[in-house]
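In what follows, a single structure is set out as structure tokens and then discussed.
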Amino acid sequence: MKKIPFIDLAAQQAHLQPEIDARMQQVLAHGQYIMGPEVGELEQALSDFVGGGVTVGVSSGTDALLMALLALGIGRGDAVFVPTFTFTATAEVVLLLGAVPVFVDVCEDSCTLDPEDLRRQIAQVAQSGTLCPKAVIAVDLYGLPADYPRLRAITDAHGLRLIGDGAQSLSASCHGRQVGRLADLTATSFFPAKPLGCFGDGGAIFTEDQALAETLRSIRAHGKGAGKYDIVRVGVNGRLDTLQAAVLLAKLPALRVEQSRREALSRRYDAALAGLARPPARPEGYISAWAQYTLQTPARERLQRQLTDAGIPTQIYYPRPMHLQPAYRAYGGGEGSLPIAERLSQTVLSLPMHPYMPEDVADYICDHLSQMASALAEG
Ligand SMILES: Cc1ncc(COP(=O)(O)O)c(C=O)c1O
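Heads up: the sequence shown begins at 87 in our numbering, then just goes up one per residue.
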């Protein structure tokens with residue numbers, strides 16, 4: 087068996103090579119590397135993909151989050167509620183703007199923001215009276231949308247804005263509504279390993295609000311107004327490169343089929359894992375983008391070692407929650423304060439997941455998992 091990759095970008099590239107080459111050649115021919123026609127074309131294609139709204143292409147998923155907060159006017163003295171079990175970008179952007187991240191625990195099954203803990207954290211901030219609660223960032227971890235219906239009820243009741251961190255979840259949906267249309271603003275990432283990845287950094291922001299979209303277009307271009315040198319607000323250089331938009335235009339038509347292949351692989355893993363580890367949650371009415379397939383087991387170290395010995399790569403997303411990171415400790419309650427996330431950081435393990443995994447590789451991994459499950463059952 088050849089070396090098994092955790093994510094096989096080369097296989098996808100080989101599959102879509104003619105479309106990608108043709109799109110890239112078009113950009114080289116017209117030479118509009120900054121804000122060329124492909125950026126607008128991609129934005130329209132993404133809005134069509136998620137079923138409506140406006141899309142603003144930007145420079146990365148992190149910048150998408152930063153610009154979403156900037157567009158909402160979030161800054162010094164504001165509190166933004168974020169799950170502690172996430173990638174660092176979700177918390178980092180809040181602090182970059184001088185606001186304070188309030189870390190919230192996650193649900194054990196879905197690994198996404200826990201609405202009950204969110205309620206508690208909002209009440210605590212309101213009681214302390216030192217910060218102004220402004221927004222919640224829900225993270226669709228591993229590609230599974232957060233519990234948007236319950237989160238929306240809470241944000242509406244408290245007058246907060248709801249931002250989706252959909253960096254891992256483009257192509258997922260919740261009760262028939264696509265990621266991109268579940269929050270006031272949704273940020274996504276086109277980092278190469280994401281469900282829709284480009285050949286470098288890229289991202290997008292989705293919204294239904296035309297005025298917010300206009301503000302975001304201004305922010306991504308240094309805060310420009312009607313003219314290029316008419317600066318009406320503080321902005322950033324947050325544009326999506328034309329070449330990256332071209333790559334994404336070539337890849338987007340394959341995304342639905344790729345999601346269904348990921349879904350099929352996830353079901354095979356579920357079956358193979360029975361009795362060995364806890365499979366990922368499949369909440370009723372939700373479709374995951376399956377950016378990652380992440381199991382839970384208290385025997386993670388042993389399982390990971392056995393898989394490594396069999397040549398099966400694994401990853402841990404994430405080994406330490408944000409409230410225990412040295413850079414953010416000052417904003418959290420320390421060890422034991424958000425126990426579910428702390429436990430998950432010790433028990434989660436992600437298996438190889440990509441849409442072009444050859445059958446024989448999937449068979450090999452699943453056979454190994456089944457054998458390990460049988461061995462465990464026999465004691
Ligand atoms: C949950 C989450 N948020 C934000 C980001 C940031 O995206 P990017 O790497 O495009 O800046 C990532 C990417 O790794 C992510 O997984």
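All C-beta atoms in this analysis are idealised placements derived from N, C-alpha and C, irrespective of residue type, glycine included. Just so we're clear, the structure is a prediction, and the values are computed from it rather than from any experiment.
Out of the options, which has the shortest C-alpha to C-alpha gap to residue i?
{"i": "Thr301", "options": "Val447, Gly419, Lys314 and Leu158", "result": "Leu158"}
{"i": "Ala461", "options": "Asp149, Gly309 and Gly361", "result": "Gly361"}
{"i": "Ala357", "options": "Tyr379, Glu370 and Gln118", "result": "Tyr379"}
{"i": "Tyr372", "options": "Ile120, Leu102, Pro235 and Leu217", "result": "Pro235"}
{"i": "Met458", "options": "Ala396, Gly311, Ser431 and Arg303", "result": "Ala396"}
{"i": "Ser346", "options": "Glu202, Ala209 and Ser259", "result": "Ser259"}
{"i": "Lys220", "options": "Glu202, Pro201, Ser214 and Arg247", "result": "Arg247"}
{"i": "Leu335", "options": "Leu182, Gly283 and Tyr119", "result": "Gly283"}
{"i": "Tyr404", "options": "Ser436, Gln392 and Trp376", "result": "Ser436"}
{"i": "Glu445", "options": "Glu421, Leu268, Leu351 and Thr383", "result": "Leu351"}
{"i": "Asp195", "options": "Ala175, Pro399 and Leu230", "result": "Leu230"}
{"i": "Thr176", "options": "Asp200, Pro201, Cys197 and Asp149", "result": "Asp149"}
{"i": "Glu294", "options": "Leu268, Ile93, Asp449 and Asp107", "result": "Leu268"}
{"i": "Ser423", "options": "Asp203, Glu105 and Gly117", "result": "Asp203"}
{"i": "Thr433", "options": "Leu181, Gly147 and Cys197", "result": "Cys197"}
{"i": "Ile93", "options": "Arg354, Thr400 and Ile120", "result": "Thr400"}
{"i": "Asp287", "options": "Leu389, Gly147 and Gln213", "result": "Gly147"}
{"i": "Ser431", "options": "Val447, Glu464, His454 and Ala385", "result": "Ala385"}
{"i": "Gln388", "options": "Met153, Leu455 and Gln296", "result": "Per the sequence shown, the amino acid found at residue 388 is Arg instead of Gln. The shortest Cα separation from Arg388 among Met153, Leu455 and Gln296 belongs to Leu455."}
List the endpoints of the continuous beta strand (DSSP E) containing residue i.
{"i": "Cys218", "result": "Cys218 to Val225"}
{"i": "Ser431", "result": "Run containing Ser431: none in the beta strand (DSSP E); it sits in the alpha helix (DSSP H), Pro425 to Thr433."}
{"i": "His378", "result": "Checking the displayed sequence, the identity of residue 378 turns out to be Gln instead of His. Here Gln378 belongs to no beta strand (DSSP E), and DSSP marks it neither H nor E."}
{"i": "Phe292", "result": "Gly289 to Thr293"}
What first and last residue would you give for the alpha helix (DSSP H) that runs through residue i?
{"i": "Gln207", "result": "Pro201 to Ser214"}
{"i": "Asp107", "result": "Leu95 to His116"}
{"i": "Ser304", "result": "Gln296 to Arg306"}
{"i": "Ala459", "result": "Glu445 to Ala463"}
{"i": "Ala358", "result": "Leu341 to Leu359"}
{"i": "Ala336", "result": "Thr328 to Lys337"}
Here's the rule: buried if 16 or more other CB atoms are within 10 angstroms of the residue's CB, otherwise exposed. What is residue i?
{"i": "Ala207", "result": "The amino acid occupying residue 207 in the given sequence is Gln; Ala does not appear at that position. Buried is the call here."}
{"i": "Val265", "result": "buried"}
{"i": "Lys89", "result": "exposed"}
{"i": "Arg162", "result": "exposed"}
{"i": "Gln382", "result": "buried"}
{"i": "Lys314", "result": "exposed"}
{"i": "Gly245", "result": "exposed"}
{"i": "Ser214", "result": "exposed"}
Are the segment 130-138 and the segment 331-342 touching, with three or more C-beta to C-beta distances below 8 angstroms? yes
May I ask you to verify whether the segment 242-260 touches the segment 118-131, counting CB pairs closer than 8 angstroms and requiring at least 3?
no
Completely contained alpha helix (DSSP H) runs for the segment 127-212, where each covers 4 or more residues
147-157 and 175-182
Exercise. Mind the definition here: the segment 139-156 touches the segment 261-273 only if three or more C-beta pairs lie below 8 angstroms; say whether that holds.
Key: yes
The segment 150-169 contacting the segment 190-199, beta-carbon criterion three pairs below 8 angstroms: yes
* Okay, do the segment 321-332 and the segment 102-115 touch, 3+ Cβ pairs below 8 angstroms being the bar? -> yes
Subject >> Segment contact, 8 angstroms Cβ cut-off, at least three pairs: the segment 92-101 with the segment 436-444 >> reply: yes
Practice problem: Just list the beta strand (DSSP E) runs in the segment 384-419, keeping only unbroken ones of 3 residues or longer that don't cross its boundaries, in chain order. | Solution: none
May I have a chain-ordered list of the beta strand (DSSP E) segments no shorter than 3 residues that lie completely inside the segment 242-275?
247-251 and 271-275
Check your understanding: Do the segment 398-409 and the segment 425-433 touch if we need at least three Cβ pairs shorter than 8 angstroms?
Key -> yes
Answer yes if the segment 226-241 comes into contact with the segment 176-189, meaning at least three C-beta pairs across the two stretches below 8 angstroms, and no otherwise. no
Evaluate contact between the segment 363-372 and the segment 309-328, counting only Cβ atoms and requiring at least three cross-stretch pairs below 8 angstroms.
no
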